Amino acid sequence: MWTPFAAMMFGVTLHILCEASGVVADASAKTVTMPVEEGFVTVNIDGQEVKLLLDTNAWGIKLADGRWYESEFGEGACGDPWAGCYFCSKKSPCSFENGEVTTSNFGDGSRIESIERNGSLVLGPGDPVNITFKIFKAIKWVTGQLTLGDTIPKSKASKWAFPVFTYHPRFHRIMTSVWVSSVKLFGPRGNLTTKEGPVGLRLSSFLATMDTGANDIYLPYPGLLEEIEKGLKREMKKCGYGEQQIAGVWRKSKWGCDYVKKEAFESLPVLGLRLDDAKRSMQDNLLDHLSKFEAQLERLGQICNQHLARSDTLSAAARRLQWTPVSVILAAAGYIFAVICLISGEMVSPISNVTGVVYPLYRTFMILGQNQVDYAVARKLLMYWAIFEFLLIGEPLFNTVYFWLPYHNFVRPLLEIYLCLDEFDACGVVYDSCVKPVVSQALELKDLFVTPPVYVKDTGMLRKGEDVPEFREKAQRMAAAESSKASKN
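With mature numbering (1 follows the signal peptide of the UniProt record, and there is no 0) as the guide, the letters of the sequence shown map in order to residues -20 to -1, 1 to 469.
Take a look at the structure:
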């Protein structure tokens, strides 16, 4: 599986380019300490407790209009503690038609409208303070295409971009800034792989911002990705991978986005940043950034489930099956795809094999994980696997027999589904009436292939050893001797 890697982290593409701007007042000198949970902090705004993403590079507070959010994602969607909803009072409703509305555009194609509100803010155990914050609703919302590895449209995605941060003695405190004095690459086990800075370094140190609201790392090193690729392939070679395997783990797209296969994650180098004049450097494991991709997929799934839950039919089916709405849609899509393939005669054998393997394999793993195994259930499952192998081996013969039947491609998948019903209850009947007689008859013929033939002089024919009297008597004597020896012991 290919996974997007490093391109957006090192500034090969422009990730989120907000076109909105604002004026920031001088920050207060008072320090407030608050717990951060998975990047979110809990605050109280106008008596409403909400969790907000802590973004150290953003100023101000933005909250989603609760009524708009629930109209988009379903009633009760704001119950998600991470939704960040704010409900305007009936006396002072949120109006996006009247008043000043600010539109913000982002590099992923989303666009939001926001209005300003005045209210009270409580941070931790502190006293309420009056603040101005923003309530927003989306005009064009993120589709998830960027999250799944697509690139930002137009020409921005293929250009290098190195943000320039302006240092100001008065306003710099509102940005969590830090001087980066060196950047080095370490191996997966922490050994230093570069004594000097990566290729392309022209600055002894540079100013960077610590932005907790972004998943990216922007560094002024055009050759850094090449150094990471070399380190990855060098480590994989040490681990015994072949040249062909190594060549296939790294792929570069025409947009400047690099991809690396999941099996190579453990061989990725570690990025070491020395901040200010600190003697110890901070190591940044690239694998941690790649794991955020999975979190984004999970969040996308939650959003899809909220949208799909608005359908009564789909919600009822999901509750009945105890699945999520997304799982129901995927299962329905797979079912339709399988039916189309079976009707057209394409991919019949793979679909039949998958149909007959998925659930029985799952039940097998469940039984193997139990300390005490139910003999009856295990026996029926073994019967099913015997029938499945019988069908698999005899498939070419069966196809030549019933190919003339209409919809004959459905016979095997439907039979496998039937055998799985009611915890494989039908397997006993099918096994005893069809499979067992055939297999038993085949076992009776095994001596024709196992016992070597014997040439008998008086007939001039090759006969099986047990058919010759002298061989049969010898076998009886040997059996009697073995029995006598066993009784004495």
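Cβ coordinates follow ideal geometry from the N, Cα and C atoms, glycine included. Note that the structure is a prediction, hence the values are computed from the model and not measured.
Per DSSP, the unbroken alpha helix (DSSP H) holding residue 48 starts and ends at 46 to 53. The closest CA to that of residue 392, considering only 249, 404 and 374, is found on 374.
Our two residues, residue 69 and residue 25, have alpha carbons roughly 13 Å apart in a direct line.
Our two residues, residue 105 and residue 23, have alpha carbons roughly 10 Å apart in a direct line. Apart from sequence neighbours up to five positions away, the residues of its chain that approach residue 321 with a beta-carbon distance below 6 Å are 327 and 331, ordered along the chain. If you look at residue 392, you'll find it isn't in any beta strand (DSSP E); it sits in the alpha helix (DSSP H) that goes 391 to 404. In the three-state DSSP reduction, residue 252 falls in the strand class (E or B). For residue 253 against residue 208, the beta-carbon gap comes to about 14 Å, at or over 8 Å, which does not count as contact. In the displayed model, residue 97 falls within a strand according to three-state DSSP. Between the alpha carbons of residue 280 and residue 409 lies a gap of roughly 46 Å. Residue 46 places its beta carbon 8 Å or farther from that of residue 76. The alpha carbon of residue 403 has as its nearest neighbour, out of 459, 240, 339 and 394, the alpha carbon of 339.
Note on residue 460: under 16 other CB atoms within 10 angstroms of its CB, so exposed under the neighbour-count rule.
Under the three-state reduction of DSSP output, residue 283 falls in the helix class. With respect to the 8 Å criterion, residue 186 and residue 202 are not classified as neighbours on the basis of their beta carbons. For residue 53, same chain residues with a beta-carbon under 6 Å away, outside a window of 5 residues either side, are 286 in chain order. The C-alpha of residue 231 is placed about 6 Å away from the C-alpha of residue 238. For the beta strand (DSSP E) assignment, the uninterrupted runs of no fewer than 3 residues enclosed by the region 189 to 239 are, from N- to C-terminal side, 230 to 232.
A residue is called buried once 16 or more other Cβ atoms fall within 10 Å of its Cβ, and residue 347, having fewer, is exposed. Distance between residue 204 and residue 214, taken at the CA atoms: about 15 Å.
Closest by C-alpha distance to residue 103, out of 190, 32 and 420, is 32.
A direct Cα-to-Cα measurement between residue 396 and residue 387 gives close to 16 Å. Membership of residue 165 in the beta strand (DSSP E) is indicated by the continuous run 157 to 166.
If you look at residue 34, you'll find it isn't in any alpha helix (DSSP H); DSSP assigns it neither H nor E. The beta carbon of residue 82 lies closer than 6 Å to those of 94 in the same chain, with the five residues before and after it left out. Going by C-alpha positions, residue 15 is about 15 Å away from residue 29. Relative to residue 49, the option among 234, 117 and 107 whose CA is nearest is 117.
Going by DSSP, residue 20 is part of the beta strand (DSSP E) stretching over 20 to 25.
Shown here, residue 70 sits in coil according to DSSP, grouped into three states, outside any helix or strand. Closest option to residue 250, judged by alpha-carbon separation, among 168, 44 and 336: 168. DSSP links residue 113 through a beta bridge to 97. Annotation for residue 85: the continuous beta strand (DSSP E) segment containing it runs 82 to 85.
For the options 74, 371, 44 and 227, the alpha carbon positioned closest to that of residue 63 is the one of 44.
DSSP places residue 91 in the strand class (E or B) of the three-state scheme. Assigned with DSSP and collapsed to three states, residue 43 falls in strand.
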